[in-house]
Every structure is written in structure tokens, then in C-alpha cells.
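Enquirer: Throughout, our numbering is defined as the position within the sequence shown, counted from one, plus 4.
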Amino acid sequence: MNYSKPQLKQGYANQILSIDLGTGAVTVPGLDPSVRDYFIGGRGLGLYLLHKRITPGTTAYDPQNPLILAPGPLGGIPQFPGTSKCMAISLSPLTGIPGVSNFGGHFGAYLKYAGFDALEITGVSDKDVMILIDGFSRQVSIVPAPAIDNVFDLEQDIVERFSEKGHEKGHIVFITTGIGAANTTYGCINSHYFDPTKPVNGTKGLFRTKQAGRTGLGTVMMHKRVRAVVVLASYPHGDNPYGAHDWEKVRRSGARLHKVVKEVDPQSLRMSRKGSAGLIAFMNKEDYQSLPVRNYQLGSDPHAGNICGKFYEEHLFDHRGNDGCFPGCNLQCTKGGWVTLTSGHKKGRKVWVDGPEYETAAGFGSNLGMWNPEFIMEANWYCDEYGIDTITAAVIMAFLMECSQRGYLTAEDMGGLELRWGNEEAALEFIHRIVRRETEVARVAGKGMLELIDWVCETYMKRTGRQSPKKELERFAMQSKGLPFSLYRTHRSLSMQGSYAAVSDIGAHHAAAWLIKVDLLGAFPTFQDKARALITYPRVRLGNDNLGLCKLPWVDVFNPDSEKMQNTDIYINPASQEIYADFYNGMLGTDMTWQEIFARTDRDINLQRVMNVMAFGKDTGRYDWIPDRAIGPIDDSLYEAEQEYNDKETAKILGKTPDEIRTMATAAKREALMKHRKDQLKKLIGEYYRERGWTVSGIPTVETLESLGLWAFLSEEAKAVISGITAAS
């Protein structure tokens with residue numbers, strides 16, 4: 005199909021590409037200005053498009069469930085750091101509720117350059133296909149995909165195919181997924197882009213990848229039988245190529261943030277050398293105990309130095325070239341290096357690994373009791389090769405290892421594998437088995453944590469004749485709403501517990517409210533501060549997802565001017581937020597403070613909650629909880645592992661002296677500690693609901709939705725569900 009490619013205006017192409025794979029229809033509807041201005045773009049626009057397509061009975065595998073890919077109006081502008089983000093949105097096959105995942109690279113920018121603010125894919129193809137969006141010829145086509153199951157083989161085929169047609173590698177951008185996405189519910193989407201600066205075998209240039217890993221959206225893509233989406237495009241040119249209202253203001257704001265990144269990062273987190281893996285050393289600190297060790301049982305380990313950012317920086321990361329995942333970002337935190345594979349179908353081959361990011365390093369490292377960084381990189385590479393989420397795979401494996409540790413599973417139950425802490429060979433083999441569905445436990449593990457809990461119970465009861473251990477397993481099965489935890493142990497951060505439990509509507513992920521670091525640093529000294537942070541920080545974090553921006557130049561590069569500011573939360577980095585506001589106002593022609601800009605995020609936060617209510621009904625609030633393991637020690641030995649800290653807190657709770665606490669039985673102290681922490685979390689969630697204008701069961705009221713202007717955008721089914729539940733409560 006031929007289409008018209010408009011000039012960008014204030015960061016928008018003002019049109020959407022909609023593809024129905026069932027009928028083959030390709031249409032290009034205009035972007036309604038009222039929708040554009042209300043939902044902004046990215047995550048917000050994607051959630052609205054999803055809401056239009058689904059009903060309370062729609063499942064992730066229904067043809068009408070769309071897969072939506074959407075950048076935001078500030079995405080793809082290299083004059084400002086960190087404009088690389090695109091959002092993937094769909095109903096999640098892992099959780100059954102809306103799934104959202106952001107990813108870097110060039111895809112979102114090039115989709116916009118080709119002429120579209122979003123790509124919406126519905127229907128299910130009857131054969132494997134590849135979607136081609138050619139921004140040069142202004143054509144969209146659906147073509148047969150090669151029968152290639154592994155991601156990096158498919159990458160090579162796509163690059164060769166379009167290079168042979170005369171396209172420069174820098175003009176070829178694409179997303180893929182692999183066989184693992186077909187055989188699990190937690191498939192990831194790989195975003196491929198060409199890095200012309202990285203030296204390789206005496207030349208320069210290789211294709212690199214970023215991932216939309218969370219909530220199984222690669223599985224949706226594979227179910228629709230879309231093996232790849234390829235965009236051919238190039239950067240806009242001219243005096244004001246992105247149609248900014250005030251291009252000079254945009255350029256000045258970018259220069260200001262570039263200066264902050266250049267001056268601050270080398271003296272602080274050193275993301276340009278360590279990547280996000282540098283966070284391991286912080287979380288592992290004795291005072292914080294927030295690095296998950298052996299399925300979140302412990303919070304630090306003396307071996308953590310073997311897998312920290314400093315070790316990767318000095319021994320494994322290749323620092324040559326430019327490690328920004330999009331031009332113009334001088335943070336350059338997209339680290340990677342070479343490793344020789346020891347397992348699998350490409351055993352013995354030396355491969356380039358993009359990563360590991362903190363989540364993967366902690367997931368396959370400390371949380372599995374593995375302290376070999378090359379093992380972590382191999383596990384990282386194979387997850388990308390198969391198209392599965394590293395976080396979900398690692399946390400599921402940690403759960404199985406603890407089941408073995410506690411006697412709920414045997415090696416025979418595990419298909420003959422000794423899947424235990426520190427066994428690298430077995431862990432790699434289990435990854436291969438999951439994607440091949442080779443054994444019963446591997447097949448069930450591919451379905452997700454909730455199904456796995458039930459399977460372990462059934463297996464244990466059948467083998468022992470004992471009662472179901474489900475309640476005990478649920479205490480350390482690290483998931484919320486079916487989504488396995490991202491890699492933060494939250495015993496010492498009530499704010500982060502609230503984030504995982506109630507703020508993150510996709511399940512236990514940190515994208516909405518990554519509060520743990522600033523909470524540990526003392527940003528929220530009172531209960532009211534913690535409750536307020538559950539509102540203010542998600543506005544910014546998810547607001548960046550709407551705009552097409554990476555959070556790291558804001559959240560991980562602390563602007564020294566913020567520390568000088570009065571009567572404000574300096575930890576939210578307000579001096580840099582003002583730079584972002586200048587960028588926004590310069591592009592869109594508005595005159596808003598950063599607080600006003602990000603307060604608009606309340607609209608899509610409420611929309612996502614409405615869609616959760618459509619799935620969960622009046623029980624929505626019941627799903628806003630986390631396992632006991634995320635709250636505190638679930639047995640006496642874990643209490644005693646951090647006895648000094650736990651005793652000190654318990655003494656305050658009970659109003660006892662240190663000597664009196666020492667005479668108490670561990671079980672009694674632990675029970676008092678856990679009761680207090682659970683009470684505090686319940687209170688925090690209730691305060692969060694109140695601040696949001698929701699009912700005590702976490703349901704947005706009609707009045708709240710009307711006050712936000714959201715009610716007019718809701719489907720009649722959604723209005724009926726919300727009205728019925730709130731009227732009865």
C-alpha cells in the first residue's frame with residue numbers, strides 16, 4: 005500500500021499505521037487532535053488504542069487484541085539526550101491484563117521518520133510474515149518471513165536482504181522475536197539497530213539490540229505470526245526537521261542537559277563505563293540489603309564484587325566506539341562485550357552480547373547464587389537469541405531452585421537436572437529446555453509463575469501424599485498479578501513495596517515507581533512522604549514513557565543545581581526537570597511547568613487501572629499485594645541472618661529495650677515484625693488509593709474519571725463496569 009508521509013509538526017506525524025493481519029487490510033487513519041493532545045503519545049496513546057479494541061472478555065490471544073508500538077512526540081530528536089524510547093502495548097499473555105514495555109534503539113524514531121505516531125497490528129496471520137514499512141518509497145507491505153527460529157540468524161538474513169537491495173545499514177531498523185516467544189508466555193521483542201562505531205574484526209559496525217522484555221509482548225507478536233517489522237528510513241533534515249514550535253529553545257535545552265551528563269556522570273555513577281550494572285554495588289551495601297540473593301532470601305553477598313559494574317567495566321565491556329543507543333545521548337550506557345558460548349546450539353562461538361543491564365546481572369547472578377559474569381552474559385545472549393524476557397526467566401528459575409532447597413522438588417521432578425544455587429551448567433540447560441518445551445517442568449515454567457506454583461503443588465502431593473503446600477509456596481514465589489518481580493529486594497523500602505503491590509498496574513515492575521534508591525537514601529522520612537512519592541514519581545517516570553524519553557539522564561544523573569533548590573523534593577532532580585520542561589515547551593508550543601506537564605500522566609494511569617478493573621472487577625484491590633518474602637523474613641533463619649537490624653526495628657515496634665528484645669524467641673520477634681510491616685503496607689496502599697481518588701478497593705470513581713476528562717474517552721463497556729462496581733461499594 006502506498007501512503008503519504010507528512011512533515012513532522014511539533015514532534016508528531018499526525019497519523020497511525022493500522023494493519024489487520026486477518027484480512028490483509030492496511031489503513032492510515034489520522035491521529036485525532038483531541039486524542040493526541042489528551043494522551044500525548046507513547047504509552048498513553050498506546051493504552052487508549054488498546055482500550056478501543058478490547059472488551060472485558062478479550063484475551064491476549066484473540067485476533068482483536070492489538071499489538072501497538074508507539075514513540076512519543078519528543079522521541080527521535082538527537083539534539084536532546086535519551087530520546088530513544090518506544091513503547092510496546094498489548095494484553096499480556098502472562099498476566100491477562102494490559103502489558104506495557106518500553107525499549108530503546110532506533111525503532112520508535114524511525115517509525116516516526118517513516119510517517120507514523122503509532123503502529124497498530126490486529127488479527128492473526130495464517131502464515132509467518134514480515135511487515136515492511138518503507139519510508140523512502142512510502143510503501144507498506146506484508147511479505148512472507150523466512151523460516152528462521154533464532155533471533156540473530158533472522159537478524160543476519162534481514163540485514164543481508166535489504167543491504168543487497170542497496171539500503172545503507174544505518175537506514176535498516178527492525179524488531180524481531182524468536183522461538184522462545186512461541187513456546188512461553190514471556191516472549192520479548194528485540195529492537196535491532198546499526199552501530200557504525202563499534203570495532204569488529206578490523207572493521208567498524210555491528211547491529212545491536214535492546215529489548216521490550218516485560219509482560220510477554222513478544223509472545224503476542226509471535227502468536228500473530230509476525231516474525232519481524234522492518235522500517236526503512238533516515239533522519240529528517242532542514243532548519244527545523246521535527247517541526248518544533250521553538251527549535252532554538254529545543255537545542256538550548258539539549259545542550260544544557262548534555263553539559264550536566266558530561267560533567268556529572270564521570271564523577272558519580274559512571275554509567276558510560278559501567279552501564280546499569282553499576283547499581284549492583286549500591287544495592288549490595290550492608291546498610292541497604294537490597295540486592296536479591298538466592299530468590300530474594302538475602303540482600304547482600306560478599307561475592308557481589310564479581311558481577312558488579314566495576315568488574316564488567318575493567319574486564320568484559322568493550323568501550324571502543326559510541327555506546328549510546330541513539331545518537332545525541334552522551335550518557336552512553338548501552339554497554340556490551342564478547343563472550344564464548346559454552347552451551348546450546350552455538351556452543352563454542354564467540355558472540356557479541358548487549359548487556360547485561362542491572363536486572364539481568366542480578367537476575368542470573370546474585371538471585372541464582374551465580375557469581376560468574378561470563379555465565380550471566382551467556383544467559384543474557386541466549387534469552388535474546390530465543391526471544392524471552394531475562395527477568396521472568398531468571399526469577400522463575402530462582403523459585404524452582406528454592407523449591408528444591410526446601411524439599412518441594414527433586415532432581416527427578418526437574419527432569420534429571422540438579423537445578424540448584426550456583427549450578428551454571430544446569431541453569432543454562434534449563435533455559436534451552438524452556439524454549440524447546442523439552443520436559444514437563446520446562447513446559448510449565450514456560451507458562452509463567454502462577455501455573456508453575458500449581459504444578460509444584462501437584463507434583464509434591466503426588467510424590468509425598470501430603471497436603472498442598474500452595475500457601476507456603478506463594479510466600480516466596482516472587483510475583484504480583486502474575487508478573488515476576490524485577491530485581492530489587494524490598495525489605496527496607498516500604499515505598500518500593502507499595503510500588504510493586506499497587507502502583508505498577510502491569511505487575512511487579514519498577515518502571516512506574518522506582519523508589520528504592522532514593523528511599524534508601526532518606527528521601528521519604530515520613531509515612532506521608534512515602535505516600536506522596538507514590539503519586540509524584542510515577543507521573544514523571546510514566547510521563548517520560550508518553551513522551552518517548554529515556555529516564556536515565558534524569559534519574560541517574562543528579563543535577564548539582566537540584567541540591568540548591570528550596571521547598572522541593574531535591575531527589576526528584578527538579579533542576580533537570582526544568583530542562584525537560586523547556587524541551588517539551590519548545591517542541592509543543594506550550595508554557596507549562598514540569599509539574600503541570602507530568603500531572604497529565606494521571607490520565608493514562610487511571611485508564612490503565614480502568615482496564616485492570618475490566619479484567620478483575622470488584623476484586624481489583626485484592627491483586628494489589630506482594631508475597632511475604634518481599635515484605636520481610638518468612639522464617640526464623642532469615643530473621644537471624646539480619647538480626648541486628650531486625651531486632652532494632654522490632655524493639656521500636658514493641659517499645660522494648662535491646663536487652664528485652666534479645667531475650668525474646670526469634671519466632672515471636674519475627675511475627676511482630678511481619679505484622680507491623682504488613683499493616684504499614686496496607687495503610688500505604690489505602691493512602692495511595694485515597695490520593696488517587698479511588699475507592700477503598702482500588703477502583704477509580706466516576707467523579708475522578710470525569711474530573712480528569714477521561715470519562716469521555718472510555719468505552720460504554722468500561723463505563724458500565726466502573727459505574728456498576730462503584731455504585732455497589
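Heads up, the beta-carbon is just placed ideally off N, CA and C, and yes, glycines get one too. Just so we're clear, the structure is a prediction, and the values are computed from it rather than from any experiment.
1. In terms of residues, what are the limits of the alpha helix (DSSP H) holding S145?
2. Relative to the C-alpha of D157, which candidate in W342, E600, V460 and F211 has its C-alpha closest?
3. For D683 and R613, which I take to be in contact (beta-carbon distance under 8 Å), what is that distance rounded to the nearest angstrom?
4. For F211, which residues does DSSP report across the bridge?
5. When you compare only the Cα positions, how much space is there between Q336 and G247?
6. Would you tell me roughly how many angstroms separate the C-alpha atoms of P542 and A516, rounded to the nearest one?
7. Applying the 10 Å Cβ sphere with the 16-neighbour rule, what's the burial state of A64?
8. Comparing alpha-carbon positions, which option in L95, E389 and A383 lies nearest M401?
9. Locate the alpha helix (DSSP H) running through V32, then write down its first and last residues.
10. Hey, quick one: how far does the alpha helix (DSSP H) through F315 stretch, first residue to last?
11. In this structure, how does DSSP classify T708 when only helix, strand and coil are distinguished?
12. Taking the alpha-carbon positions, what's the E675 to R493 distance?
13. Give me the residue from F315, M374, Q83 and T201 with the minimum Cα distance to P240.
14. Between the alpha carbons of M678 and G191, how many angstroms are there, rounded?
15. Is L736 helix, strand or coil by DSSP?
16. Report the start-end ranges of each alpha helix (DSSP H) in the segment 370-445 that is 4 residues or longer and not cut off at the edges.
17. Sort I726, I635 and F717 by Cα distance to K686 and report the nearest one.
18. Starting from V234, trace the beta strand (DSSP E) both ways and give me its first and last residue.
19. What does a CB cutoff of less than 6 Å around L491 pick up in its chain, not counting 5 residues either side in sequence?
20. Suppose the cutoff is 8 Å on Cβ atoms and the five residues either side in sequence are ignored; what does the same chain contact list for C407 look like?
21. Quick one: Cα of A151 to Cα of D132, how far?
22. Using CA coordinates, which residue listed in T705, V559 and K534 is at the minimum distance from K622?
23. If you follow the alpha helix (DSSP H) that A122 is in, where does it begin and where does it stop?
24. Helix, strand or coil: how does DSSP classify Y16 here?
25. Looking at the strands, I want to know which residues DSSP matches up with Q483.
26. At the level of alpha carbons, what is the spacing between L95 and R218?
27. Decide yes or no for the touch test of the segment 387-404 against the segment 317-328: beta carbon pairs closer than 8 Å, at least 3 of them.
28. Under a Cβ-count criterion, where at least 16 other Cβ atoms within 10 Å of its own Cβ denotes burial, should G76 be classed as buried or exposed?
29. Please classify Q293 as buried or exposed, where buried requires at least 16 other C-beta atoms within 10 Å of its C-beta.
30. To test your reading of the DSSP string, which unbroken beta strand (DSSP E) runs of 3 or more residues are found completely within the segment 73-125?
31. Roughly how far, in whole angstroms, is the beta-carbon of E710 from the beta-carbon of I539, given that I think they are within contact range, below 8 Å?
32. What whole-angstrom Cβ distance do F140 and L236 have, given they're in contact under 8 Å?
33. Return the CA-CA distance between A669 and V399, expressed in angstroms with no decimal places.
34. For F602, which residues does DSSP report across the bridge?
35. May I ask which residues mark the beginning and end of the beta strand (DSSP E) holding G340?
36. Which value, in whole angstroms, describes the spacing of the CA atoms of Y197 and I729?
Expert: In terms of the structure at hand:
1. Mapped onto the sequence shown, residue 145 falls at position 141. Per DSSP, S145 belongs to no alpha helix (DSSP H); it is in the beta strand (DSSP E), Q143 to P148.
2. In the sequence shown, counting from the first residue as 1, residue 157 sits at position 153. Considering only alpha carbons, the answer is F211.
3. By 1-based counting over the sequence shown, the position of residue 683 is 679. By 1-based counting over the sequence shown, the position of residue 613 is 609. The pair is not a contact, with the Cβ atoms about 24 Å apart (cut-off 8 Å).
4. Your numbering for residue 211 matches position 207 in the sequence shown. DSSP links F211 through a beta bridge to F198.
5. Counting from 1 along the sequence shown, the entry for residue 336 is found at position 332. Counting from 1 along the sequence shown, the entry for residue 247 is found at position 243. In this model, Q336 and G247 are separated by some 27 Å (Cα to Cα).
6. As a working mapping, residue 542 is identified with position 538 in the sequence shown. As a working mapping, residue 516 is identified with position 512 in the sequence shown. Annotation: P542 to A516 spans about 5 Å, alpha carbon to alpha carbon.
7. Here residue 64 is taken as the residue at index 60 of the sequence shown, counted from 1. That one is buried.
8. In the sequence shown, the residue the question calls residue 401 occupies position 397. For the residues L95, E389 and A383, the minimum Cα distance to M401 belongs to A383.
9. For the purposes of this step, residue 32 is taken as the residue at position 28 of the sequence shown. Unbroken run through V32: none, as it is neither H nor E.
10. The residue labelled residue 315 in the question sits at position 311 within the sequence shown. Segment G313 to H319, the alpha helix (DSSP H) holding F315.
11. What you label residue 708 is simply residue 704 of the sequence shown in a count that begins at 1. Here T708 sits in helix by DSSP.
12. In the sequence shown, counting from the first residue as 1, residue 675 sits at position 671. In the sequence shown, counting from the first residue as 1, residue 493 sits at position 489. Taking the CA atoms as reference points, E675 sits about 20 Å from R493.
13. Locating residue 240 in the sequence shown gives position 236, counting from the first residue. Ranked by how close their Cα comes to the Cα of P240, the residues F315, M374, Q83 and T201 have Q83 in first place.
14. Here residue 678 is taken as the residue at index 674 of the sequence shown, counted from 1. Here residue 191 is taken as the residue at index 187 of the sequence shown, counted from 1. C-alpha of M678 to C-alpha of G191: approximately 35 Å in a straight line.
15. In this structure the chain extends from 5 to 733, so residue 736 is not present and cannot be described.
16. With a minimum length of 4 residues, the continuous alpha helix (DSSP H) runs that stay inside the segment 370-445 are 377-390, 394-409 and 428-440.
17. Translated into positions along the sequence shown, residue 686 becomes position 682. Across the set I726, I635 and F717, the C-alpha of I635 shows the shortest separation from the C-alpha of K686.
18. Along the sequence shown, read from residue 1 onward, the residue named residue 234 stands at position 230. Element bounds for V234: V230 to L236.
19. Translated into the one-based positions of the sequence shown, residue 491 becomes position 487. Contacts found: P296, E363, A366 and G367.
20. Counting from 1 along the sequence shown, the entry for residue 407 is found at position 403. Cβ within range, chain order: L413, V460 and L477.
21. By 1-based counting over the sequence shown, the position of residue 151 is 147. By 1-based counting over the sequence shown, the position of residue 132 is 128. About 8 Å.
22. One-based indexing of the sequence shown puts residue 622 at position 618. Nearest of T705, V559 and K534 to K622, Cα basis: T705.
23. Residue 122 sits at position 118 when you count from the first residue of the sequence shown. For A122, no alpha helix (DSSP H) encloses it; the enclosing beta strand (DSSP E) starts and ends at A122 to T126.
24. The residue labelled residue 16 in the question sits at position 12 within the sequence shown. In this structure, Y16 counts as strand in the three-state DSSP scheme.
25. Taking the first residue of the sequence shown as 1, we reach residue 483 at position 479. Answer is P488.
26. Here the question's residue 95 lines up with position 91 in the sequence shown. Here the question's residue 218 lines up with position 214 in the sequence shown. A straight line joining the alpha-carbon of L95 with that of R218 spans about 12 Å.
27. Contact between the segment 387-404 and the segment 317-328 is absent, because fewer than three Cβ pairs lie under 8 Å.
28. Looking up residue 76 in the sequence shown gives position 72. Flag for G76 reads buried.
29. Residue mapping note: residue 293 aligns to position 289 of the sequence shown, counting from 1. So Q293 counts as buried.
30. Given a length threshold of 3 residues, each whole run of the beta strand (DSSP E) inside the segment 73-125 is given here in chain order: 90-95 and 102-107.
31. Here residue 710 corresponds to residue number 706 of the sequence shown, with the count starting at 1. Here residue 539 corresponds to residue number 535 of the sequence shown, with the count starting at 1. About 19 Å separates the CB atoms of E710 and I539; that is not less than 8 Å, and the two are not in contact.
32. For the purposes of this step, residue 140 is identified with residue 136 of the sequence shown, where counting begins at 1. For the purposes of this step, residue 236 is identified with residue 232 of the sequence shown, where counting begins at 1. Going by Cβ atoms, the distance from F140 to L236 rounds to 6 Å, so yes, they are a contact pair.
33. Residue 669 sits at position 665 when you count from the first residue of the sequence shown. Residue 399 sits at position 395 when you count from the first residue of the sequence shown. C-alpha of A669 to C-alpha of V399: approximately 32 Å in a straight line.
34. As a working note, residue 602 is residue 598 in the sequence shown. F602 pairs with nothing; no bridge assigned.
35. Mapped onto the sequence shown, residue 340 falls at position 336. In this chain, the beta strand (DSSP E) harbouring G340 covers G340 to T344.
36. The count along the sequence shown starts at 1 and reaches residue 197 at position 193. The count along the sequence shown starts at 1 and reaches residue 729 at position 725. Looking at the two C-alpha atoms, the distance is approximately 47 Å.
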